Amino acid sequence: MSKSSKHTRKDFIKTLGTSALAVAGVPAILTANTKKPISYLTRERYAANSNIQIALIGAGGMGSQDTYTALKHDGIKLVAVCDLYDGYLKKAKENWGSDLFTTKDYREILNREDIDAVIIGTPDHWHKQISIDAMRAGKHVYCEKPMVHSLDEGHEVIQTQKETGMVFMVGSQGLSSLGNEKAKALLEEGAIGDINFAEGFWARRSPIGAWQYNIPNDASMQTIDWDTFIKNTNKIPFDATRFFRWRNYKDYGTGMSGDLFVHLFSSLHFITNSYGPNQIYASGGLRYWKDGREVPDVLLGVFDYPDSPQHPAFNLSLRCNFVDGTSGTTYLKIVGSEGSMDVEWDKITLKRNNEQFDDPFLEAKSKEQGQKTGRKKIVPQEEIVYRAEEGYLGAHYDHFANWFNAIRGGSPVTEDAIFGYRAAAPALACNDSYFEDRAIKWDPVKMRKI
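Under my numbering, the first residue of the sequence shown is numbered 2, with each subsequent residue one higher.
Structural data, given as structure tokens:
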């Protein structure tokens, strides 16, 4: 039997006058122009009680962003960087110091005793192996999403985490945001009733957003370790485009679903405590970026979430568009029996339906005059906005704070291997559905195809 909201709508309304509308002691305010109640979300600062020495494996765009964010935390030192391209290693020394140890062989990183933890920012097809090797070498791991490249890789990562006891965190950075935490609390408080539907959208309209990454002029077999790049996949001649724009190719990336849908799955599963869908269907196509890529640039996904102890049955609709001419936006909307939430990493917009009750006297007078009665009227929704307070350092910062806190002996990470695989699996199954043109059946509890 599914778990309904722990609190009724009336209970939630009562809390609006106290703690629910005054987060961390900050009272709600009304903006002068909209009259919408706004509550400010706050985050306690994490204290650094021990130093952590880290290394980066995969120093491209996302790996570098991860490292910049990690180094904003106290007590964190970067001592080594690994990448297969000389240019990224040179750039790493320019950014983080000439004394930085650099290598093209990640095993040299793992063999160093002065490294406590590694950030894995490689293309997707190397996530599983480097994660496993790192944990077996006694290193804590922050692995970029999706956790694995294919559905059959997840259980081995989970088992390795259990066997080694290392702290393993998947890098869906929005998961640890104030917005997600507040949405989770609101759902548990009954703010929107019982969930029955959710939808998400990711829109981009730039070449970089569509993975048309820059290809350096010096890209060659002399500057790139191509043999290692393709070591665990199909062996083909050197191709700089495939190396730098790897997300466009199935051998190395996981398409729009693995890159972007996975963020929405992570947030949704955190908010609802869900294990995931049991049926996945995808459709889409290559509409604009016909540059030799093997994956679509418009993708739609429909996901059935079964009734479970965590939540009632609901449906999820996701879409992604790399040729959106109107905006470059993303959102996640969660709809319940009594309202909805628009969830952003630093903002929640809660909308609750007002009920219209007819006055008995007015209804009697209307009948006397021959007018129709009992007809409902259009009434405005009640809207409450929760926004991160000024100075909030962001979801990415919070995600690393969660990882470092766990390494230092604090609470467990929010996105361990099991959670990470349950977020990655429907994204990867979405790809399978698209390329096989069929619905995919999935057991979200056992985490296996049916």
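Glycine residues also receive a C-beta, built at the ideal position from the N, C-alpha and C atoms.
Predicted model, so just to flag it, every value in this text is computed and none were measured.
Legend entry - 6 Å Cβ shell around methionine 167 - same chain, five flanking residues per side excluded: Apart from the 5 residues on each side of it in sequence, methionine 167 sits with its Cβ closer than 6 Å to the Cβ of Met136 and His141 in its chain, given in chain order.
Inset, instruction - Report the rounded CA-to-CA distance for tyrosine 282 versus leucine 317, giving the unit in angstroms. - result: 11 Å
Legend entry - Cα-Cα separation, tyrosine 107 to isoleucine 58: 7 Å
Legend entry - Residues near histidine 397 in its chain [Cβ-Cβ closer than 7 Å; skip 5 each side]: Thr70 and Gln174, listed in sequence order.
Legend entry - Unbroken alpha helix (DSSP H) run spanning methionine 167, endpoints: Methionine 167 -> no alpha helix (DSSP H), and no H or E assigned at all.
Legend entry - Length of the line joining the Cα atoms of asparagine 452 and valine 446: This structure leaves residue 452 out entirely; the chain is present only between 2 and 451.
Inset, instruction - Could you check if aspartate 75 is buried or exposed, using at least 16 other CB atoms within 10 Å of its CB as the buried criterion? - result: exposed
Inset, instruction - Find out if the Cβ-Cβ distance for the pair isoleucine 77, phenylalanine 420 is shorter than 8 Å. - result: no
Inset, instruction - Let me know the secondary structure DSSP gives serine 318 once reduced to three states. - result: strand
Legend entry - For lysine 91, three-class secondary structure by DSSP: Reduced to three states, the DSSP call for lysine 91 is helix.
Inset, instruction - Tell me, please, which residues DSSP counts as bridged to isoleucine 225. - result: Tyr86
Legend entry - Cα-Cα separation, asparagine 432 to arginine 388: Their backbone Cα atoms lie some 34 Å apart in a straight line.
Legend entry - Bridge partners - arginine 353, DSSP secondary structure assignment: Gly340 and Glu383
Legend entry - C-alpha gap between glutamine 160 and glycine 277, whole angstroms: 20 Å
Inset, instruction - Since I believe phenylalanine 244 is in contact with cysteine 321 (beta carbons under 8 Å), could you give me their beta-carbon distance rounded to a whole number of angstroms? - result: About 24 Å separates the beta carbons of cysteine 321 and phenylalanine 244, which is beyond the 8 Å limit, so they are not a contact pair.
Legend entry - Residue burial classification, glutamine 223 (beta-carbon count within 10 angstroms, cutoff 16): exposed
Inset, instruction - Identify, in the order they occur along the chain, each residue of the same chain with its Cβ nearer than 6 Å to the Cβ of phenylalanine 271, setting aside the five sequence neighbours on each side. - result: Leu176 and Asn181
Inset, instruction - Tell me whether alanine 33 sits in a helix, a strand or coil according to DSSP, three-state version. - result: With a pLDDT of only 28 at alanine 33, under 50, the local geometry of the prediction cannot be trusted, and the value read off the model is given with reservation. Shown here, alanine 33 sits in coil according to DSSP, grouped into three states, outside any helix or strand.
Legend entry - 6 Å Cβ shell around glutamate 437 - same chain, five flanking residues per side excluded: Residues of the same chain with their beta carbon placed closer than 6 Å to that of glutamate 437 are lacking, with the five preceding and five following residues left out of the count.
Legend entry - Every unbroken alpha helix (DSSP H) within the region 152-224, with a cutoff of 4 residues, ordered by chain: 155-165 and 179-189
Legend entry - Classification of lysine 36 by the beta-carbon crowding that lies within 10 angstroms, buried from 16 upward: Note that lysine 36 scores a pLDDT of 48, beneath 50, so its modelled location is shaky and nothing firm can be said.
Legend entry - Contiguous beta strand (DSSP E) assignments of at least 3 residues, all confined to the region 237-315: 280-286 and 299-306
Inset, instruction - Whole angstroms is fine: what's the gap from serine 268's alpha carbon to glutamate 369's? - result: 54 Å
Inset, instruction - Indicate the three-state DSSP secondary structure (helix, strand or coil) for histidine 141 in the structure shown. - result: strand
Inset, instruction - Might you give, ordered along the chain, the residues of its own chain that have their beta carbon closer than 7 Å to the beta carbon of glutamate 339, omitting 5 neighbours on each side? - result: Arg10, Ile193, Gly194, Arg353 and Asn354
Inset, instruction - Give a yes or no on contact between the region 415-429 and the region 201-221, applying the rule of three or more CB pairs nearer than 8 Å. - result: Touching, no.
Legend entry - Buried or exposed (CB count within 10 angstroms, at least 16 for buried), isoleucine 237: exposed
Legend entry - CA nearest to the CA of isoleucine 55, picked from Lys291, Lys92, Ile116 and Asp100: Ile116
Inset, instruction - Give me the Cβ distance between valine 149 and isoleucine 133, rounded to the nearest whole Å; I'm assuming they're in contact under 8 Å. - result: Not quite, the Cβ-Cβ distance comes to about 10 Å (not below 8 Å), so this is no contact.
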